[in-house]
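Residue numbers (my numbering): 1 to 161.
Using N, Cα and C, we set each Cβ at its ideal position, and we do this for glycine too.
Take a look at the structure below.
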Amino acid sequence: MSFAQWSLSLEHAGFFGKYALGGIYEFNASHAAELSLGFFTADGGGWNYQSNLAYRNSLWRVPWKEKIWVPLQVGVFTIYSLDGRRFFLQSPSKYPDAAYYDQTALRWGLEFGTSLIFQENRYALSYHFRILDNGFVAIYNNFRRDLQYYVSSGINFQYQF
Numbered sequence: 001m002s003f004a005q006w007s008l009s010l011e012h013a014g015f016f017g018k019y020a021l022g023g024i025y026e027f028n029a030s031h032a033a034e035l036s037l038g039f040f041t042a043d044g045g046g047w048n049y050q051s052n053l054a055y056r057n058s059l060w061r062v063p064w065k066e067k068i069w070v071p072l073q074v075g076v077f078t079i080y081s082l083d084g085r086r087f088f089l090q091s092p093s094k095y096p097d098a099a100y101y102d103q104t105a106l107r108w109g110l111e112f113g114t115s116l117i118f119q120e121n122r123y124a125l126s127y128h129f130r131i132l133d134n135g136f137v138a139i140y141n142n143f144r145r146d147l148q149y150y151v152s153s154g155i156n157f158q159y160q161f
């Protein structure tokens with residue numbers, strides 16, 4: 001069961017930006033890391049950018065007709081917005097104290113996914129379901145909170161080198 005160690009990744013990405021372009025390095029059949037640049041629009045403005053970093057653990061692989069299905073991937077991720085006008089690491093001084101709002105430029109979360117690897121063509125398709133850190137707080141504190149601000153999903157296309 002051979003697979004490439006490096007992959008080019010293109011994603012319609014949810015929290016990783018409307019679109020994301022990056023690379024994935026597979027350490028072995030179970031462990032992979034992804035670094036990508038996400039593109040998004042906010043408040044009707046132009047394109048903004050963010051960096052994304054993810055670690056994934058593939059729990060098992062199922063060979064299937066010259067393909068490999070990875071039924072469950074579990075991972076952690078962090079996103080960092082490069083738009084300093086709308087997102088911040090420290091609360092702006094106009095608020096009552098420095099910790100009035102938590103930072104918005106750097107977030108982390110958990111992701112769950114599945115992949116189908118087409119070995120003969122050297123590409124893979126993946127689906128990822130992501131939950132932001134503040135989503136766990138919202139789930140715990142308020143069950144009626146609209147989770148569209150804390151939960152997203154993405155479809156990922158990978159070309160393996």
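| Check | Outcome |
| --- | --- |
| Rounded Cβ spacing between isoleucine 117 and isoleucine 68 (contact assumed at less than 8 angstroms) | 4 angstroms |
| Pick from Trp60, Lys65, Ser81 and Tyr80 that is closest to proline 71, judged by C-alpha positions | Trp60 |
| Paired residues, beta bridge with glutamate 34 - DSSP | Ile24 and Ala54 |
| Neighbourhood of glutamate 120 by C-beta distance below 7 angstroms, restricted to the same chain and skipping five residues each side | Glu66 |
| Buried versus exposed call for leucine 132 [16 or more other C-beta atoms within 10 Å across all chains shown] | buried |
| Nearest-angstrom Cβ-Cβ length linking phenylalanine 16 and glutamine 73, presumed shorter than 8 angstroms | The Cβ separation is near 15 angstroms, so there is no contact. |
| Rounded C-alpha distance that separates asparagine 134 from leucine 110 | 11 angstroms |
| Simplified DSSP state of glycine 45, which is helix, strand or coil | coil |
| Residues near glycine 154 in its chain [Cβ-Cβ closer than 8 angstroms; skip 5 each side] | Glu11, His12, Ala13, Gly14, Phe15, Phe16, Ala20, Tyr127, His128 and Arg130 |
| First through last residue of the beta strand (DSSP E) which encompasses tyrosine 124 | In the sequence on display, residue 124 carries alanine and not tyrosine. Segment 123-132, the beta strand (DSSP E) holding alanine 124. |
| Status (buried if at least 16 other CB within 10 Å, exposed otherwise) for glycine 38 | buried |
| Residue range of the unbroken beta strand (DSSP E) whose run includes tryptophan 69 | 67-81 |
| Pairwise C-alpha distance: alanine 33 and isoleucine 79 | 14 angstroms |
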